[in-house]
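One structure is given here, and the rest of the page talks about it.
In our numbering, the protein residues as written are 1 to 472.
Written out as structure tokens, the structure reads:
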């Protein structure tokens, strides 16, 4: 089943809320907003996570399933193995705890619980999963089914999770995070229906990889002081961009590279994360999720590209586009989305690898559909260029959709490509002289009109003053 790639659009400002019957997919593998990239967000990883296991055909616990502790496991397993084995009916229940001590309810705009699906074994296209509020008196090092965790019967929310891995899903937990700010909060996951159909879902735990760990993502209430400070950029007009220039500026990257890793190999036994590709003539976006060529592997490669905007003032920019030339396209379907995200810029193409990935935002700046090689593709990055003017600006490239059981590849020419005509570029269109003249004329006209209105008002006031009679 093809993964629909919808990473919520534009740079991380808001998330669309879906109905309880449908889970919002947050694509991008490790696409979680970095507070250092966007201080409007708070990202929390769990203090504890585990799952409880019990055999409903073994109420006396003769097999010892209730004694098992799974706090050190890399996956949280939601299990309903009814009729899978006639001698047992295993039920697995994930539990997750977060520390909200440093979170104030006043700063919360909205909050989501994010979970990364690493595995699924379903006989249906999708399954409904409930989220419950639980008590906090447990530790991942000791919790098991001998001392069952109490949780609310009424679920907080129910979402439908489709039968594929490599996806982020989220629950809206805004009200609960506000109510429990300053303390702790625990969640339990259950299937909405426990029936004869066996089903298993696996989520990444905090022991798998910090990038895939469960997370509470909090959007902070708009900070007026921060926004005013960030928007007050007044720079002298650069020589590269004259004030009345009508010609486009074309910038080449200062750094570009791609990175690779295997999601199913958190210990990096294959040493994929240590590889550096900064000297390659191409930027490779590739995935192979449990394909025939790489059975049980979940290999991903993603790209980074950086531009120097130190000579670009924001006030004279009308538009900006990233242009990339596809040199190789190998798809399983007719097209595939490639999304561009804002990223941190503290990296170099000569040292970048899977162990030191710059953080980036969850929402894409833009998405382009790639269909075939040997042609240019463009992304509108105007807003990010304006906000990043007078500094280095980095972009992160990922597939916005993946398909389990297959592999796809798109390669773009890098700045090292021997053909200089197809290297990546950032094309910036400045404000034209005509536009500035029109703006100035409109401003002058407005001043004249306002002056006339004020003048008439003063004359009327003086006339009334002269005609007013004094009475005792």
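Built from N, CA and C at the ideal position, the CB exists for glycine as well.
**Prompt:** For residue 101, which of helix, strand or coil comes out of DSSP?
**Reply:** coil
**Item:** Residue of 160, 256, 193 and 173 minimising C-alpha distance to residue 218
**Value:** Taking only the C-alpha atoms, the option nearest residue 218 is 173.
**Request:** Within the region 127-197, note down every full alpha helix (DSSP H) run reaching 4 residues or more, in order along the chain.
**Result:** 174-180
**Prompt:** So what does DSSP say about residue 55, is it helix, strand or coil?
**Reply:** Per DSSP, reduced to three states, the secondary structure at residue 55 is strand.
**Request:** Taking residue 387 as part of the alpha helix (DSSP H), name the residues at either end of that continuous run.
**Result:** Bounds of the alpha helix (DSSP H) holding residue 387 are 382-388.
**Prompt:** Any idea if residue 407 is buried or exposed, counting beta-carbon neighbours within 10 angstroms, 16 or more meaning buried?
**Reply:** Buried, since its Cβ has 16 or more Cβ neighbours within 10 Å.
**Message:** Taking a contact to mean a Cβ-Cβ separation below 9 Å, would you say residue 394 touches residue 325 in this structure?
**Reply:** no
**Asked** Shortest alpha-carbon distance to residue 374 belongs to which of 383, 423, 332 and 96?
**Response** 423
**Prompt:** Among the residues of its own chain, which have a CB less than 6 Å from the CB of residue 197, if the five just before and after it don't count?
**Reply:** 123
**Request:** Could you tell me if residue 414 is buried or exposed, where buried requires 16 or more neighbouring beta carbons within 10 angstroms of its beta carbon?
**Result:** With at least 16 other beta carbons inside 10 angstroms of its own, residue 414 counts as buried.
**Asked** If you count every other CB in all the chains shown that lies within 10 Å of the CB of residue 192, and 16 or more means buried, which is it?
**Response** exposed
**Item:** Same chain, Cβ closer than 6 Å to residue 534, five either side skipped, listed in chain order
**Value:** Given that the chain is displayed from residue 1 to residue 472, the structure contains no residue 534 and the question cannot be resolved.
**Item:** Helix, strand or coil at residue 409 according to DSSP, with G and I counted as helix
**Value:** strand
**Message:** Just to confirm my understanding: we take residue 69, look at its own chain, exclude 5 residues before and 5 after, and list those with CB closer than 6 Å. What are they?
**Reply:** 144
**Asked** Is the Cβ-Cβ distance between residue 503 and residue 214 less than 9 Å?
**Response** Since the displayed the chain opens at 1 and closes at 472, residue 503 lies outside it and no answer follows.
**Request:** Can you grab the Cα-Cα spacing for the pair residue 91 / residue 140, in whole Å?
**Result:** 18 Å
**Request:** Measure from the alpha carbon of residue 201 to the alpha carbon of each residue in 210, 132, 128 and 153, then state which is nearest.
**Result:** 128
**Item:** Same chain only: Cβ atoms within 6 Å of residue 221, ignoring 5 sequence neighbours per side
**Value:** 107 and 109
**Message:** Tell me the rounded alpha-carbon separation between residue 359 and residue 343.
**Reply:** 6 Å
**Asked** Ordered along the chain, which non-local residues of its own chain (more than five positions away) have a Cβ less than 6 Å from that of residue 376?
**Response** 323 and 325
**Request:** State yes or no: is the C-beta of residue 412 within less than 9 Å of the C-beta of residue 340?
**Result:** In this structure, residue 412 keeps its C-beta atom at 9 Å or more from the C-beta atom of residue 340.
**Prompt:** Anyone know if the C-beta pair for residue 171 and residue 180 falls short of 9 Å?
**Reply:** no
**Asked** In whole angstroms, what is the alpha-carbon distance linking residue 401 and residue 331?
**Response** 12 Å
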